[in-house]
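Here the UniProt record's numbering is used: the first residue of the sequence shown is 1, the next is one more, and so on. Encoded as structure tokens, the structure appears first; notes follow it.
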Amino acid sequence: MKWETSQYGSRLWNKIPHYYHLITQLGAIYIDTSCLKWAGQQFQGKAPIVEKLSSLPFQKIQHSMTAQDHQPTPHSCIISTVVGQPKMFLLKNINNAWVCTNDVFRLALHNFG
Numbered sequence: 001m002k003w004e005t006s007q008y009g010s011r012l013w014n015k016i017p018h019y020y021h022l023i024t025q026l027g028a029i030y031i032d033t034s035c036l037k038w039a040g041q042q043f044q045g046k047a048p049i050v051e052k053l054s055s056l057p058f059q060k061i062q063h064s065m066t067a068q069d070h071q072p073t074p075h076s077c078i079i080s081t082v083v084g085q086p087k088m089f090l091l092k093n094i095n096n097a098w099v100c101t102n103d104v105f106r107l108a109l110h111n112f113g
């Protein structure tokens with residue numbers, strides 16, 4: 001395990017907001033064994049996760065990232081935490097492609113005003 005691999009988490013996380021703006025491409029970061037916990041609700045598998053994220057009741061997504069931390073884990077994974085918009089996710093390298101195997105999100109209300 002090399003600490004340098006944590007830079008991958010930062011680079012990958014910086015791409016994820018782009019995927020959220022292109023909802024139809026969200027399937028690219030999830031696999032059939034991925035899990036999503038969204039504000040207390042549990043979803044497992046690529047299709048249910050993309051369906052949930054595609055059916056969110058708001059029209060605009062605004063990201064508030066004030067800090068992010070990434071650590072390599074055994075078995076070619078990276079665990080990441082994003083502060084500002086409470087989010088935790090686990091990225092796994094499968095066949096030289098990074099996928100999100102676990103994703104936890106809790107909505108935090110901010111005054112972007």
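From the three backbone atoms N, C-alpha and C, an ideal C-beta is built for every residue, glycine too.
- Assigned with DSSP and collapsed to three states, serine 34 falls in strand.
- Taken through DSSP and simplified to helix, strand or coil, proline 74 comes out as coil.
- With 16 or more other CB atoms across the displayed protein chains lying within 10 angstroms of its CB, aspartate 103 is buried.
- With a threshold of 16 other beta carbon atoms within 10 Å, isoleucine 29 meets it and is buried.
- Membership of isoleucine 49 in the alpha helix (DSSP H) is indicated by the continuous run 46-54.
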